[in-house]
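Note sheet for the following structure.
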Amino acid sequence: MYEHLEYYGVSKRVIDAMNKVDRKLFVPAEYQDSAYIDTPLPIGYGQTISAPHMVGLMCEYLDLQEGDKVLEIGTGSGYNAAVMSQLVGPSGEIYTVEVVEPLYERAKKVIEQLGIENIKMFLSDGKLGLPQFAPYDKIVATCYAKEIPPALIEQLREGGILLIPVGNEYIQVLKRIKKYGQKITEESLGHVRFVPMV
Ligand code: SAH
0 MYEHLEYYGV SKRVIDAMNK VDRKLFVPAE YQDSAYIDTP LPIGYGQTIS
50 APHMVGLMCE YLDLQEGDKV LEIGTGSGYN AAVMSQLVGP SGEIYTVEVV
100 EPLYERAKKV IEQLGIENIK MFLSDGKLGL PQFAPYDKIV ATCYAKEIPP
150 ALIEQLREGG ILLIPVGNEY IQVLKRIKKY GQKITEESLG HVRFVPMV
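For the sequence shown, numbering that gives the first Met the number 0 assigns the number 0 to the initial residue and increments by one for each residue that follows.
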């Protein structure tokens with residue numbers, strides 16, 4: 000299904016993980032026919048499930064490894080969390096937070112039905128991170144921030160990676176932040192389009 004994402008630079012390992020998660024299960028009934036098209040789709044409440052190429056690229060940029068402990072801001076449909084859960088394996092953990100209650104409930108139901116055990120879901124404000132389980136090897140936001148919330152950098156492990164779209168409703172850049180002691184490095188990975196972090 001997702002073999003062509005190789006042309007974006009997505010690795011075979013990430014493509015294999017995506018092929019194991021049926022995107023149709025995460026898409027509302029009225030968009031089922033479009034479930035495999037490489038485009039974002041509405042999931043209600045003004046939110047969207049990201050395009051498959053964006054999910055693949057983000058997993059690649061995060062360099063997800065077996066055993067990684069990951070925090071995701073913006074559970075949405077739960078699709079990205081499900082793909083990441085394949086990549087970190089049973090020894091890894093995905094913590095994902097969502098602010099819109101009905102989306103949180105729906106994603107929880109799908110993840111439970113699929114029997115995925117290494118995803119923990121929370122209804123809370125992602126700007127604050129999820130301090131009770133910090134530090135994380137990787138943190139990813141699937142909504143854009145005007146400025147990087149300091150809590151996310153604080154909750155990153157030494158040598159960890161934070162991936163976050165930064166900008167406004169017109170222009171957003173995907174940023175990758177790495178933390179080494181007091182030293183923070185920041186790279187720009189190109190233009191993206193996400194819904195806002197509220
Ligand atoms: N990863 C999702 C994409 C969801 S879109 C997927 O695979 O489907 C981004 C999500 O971020 C939306 O569901 C939105 O409600 C949520 N969001 C926005 N601001 C947030 C915040 N402050 N804390 C947690 N989630 C937030």
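Ideal placement from N, C-alpha and C gives every residue a C-beta, glycine not left out. Predicted model, so just to flag it, every value in this text is computed and none were measured.
(request) Please state whether DSSP places residue 115 in a helix, a strand or coil. (result) coil
(message) Let me confirm a value: residue 2 is counted as buried when at least 16 other C-beta atoms fall within 10 Å, else exposed. Which label applies?
(response) exposed
(message) Let me check you understand the geometry: is the CB of residue 197 closer than 7 Å to at least one non-hydrogen atom of the ligand SAH?
(response) yes
(message) I want to know whether the stretch 104–117 touches the stretch 163–181 - three or more CB-CB distances under 8 Å.
(response) no
(message) Please report the straight-line C-alpha distance between residue 165 and residue 72, rounded to a whole angstrom.
(response) 13 Å
(request) Pick helix, strand or coil for residue 136, following the three-state DSSP scheme. (result) strand
(message) Quick check for students: name the residue ranges of the beta strand (DSSP E) that lie wholly in the stretch 160–195, counting only runs of 3 or more.
(response) 171–179 and 182–190
(request) Please go through the same chain and pick out, in chain order, the residues whose beta-carbon is closer than 7 Å to the beta-carbon of residue 144, but skip the five residues on each side of it. (result) 163, 165 and 196
(message) Would you call the stretch 45–53 in contact with the stretch 118–135, where contact means no fewer than 3 C-beta pairs closer than 8 Å?
(response) no
(request) Please report the residue range of the alpha helix (DSSP H) in which residue 55 lies. (result) 51–61
(request) Can you have a look at residue 11 and say buried or exposed, based on whether 16 or more other CB atoms are within 10 angstroms of its CB? (result) exposed
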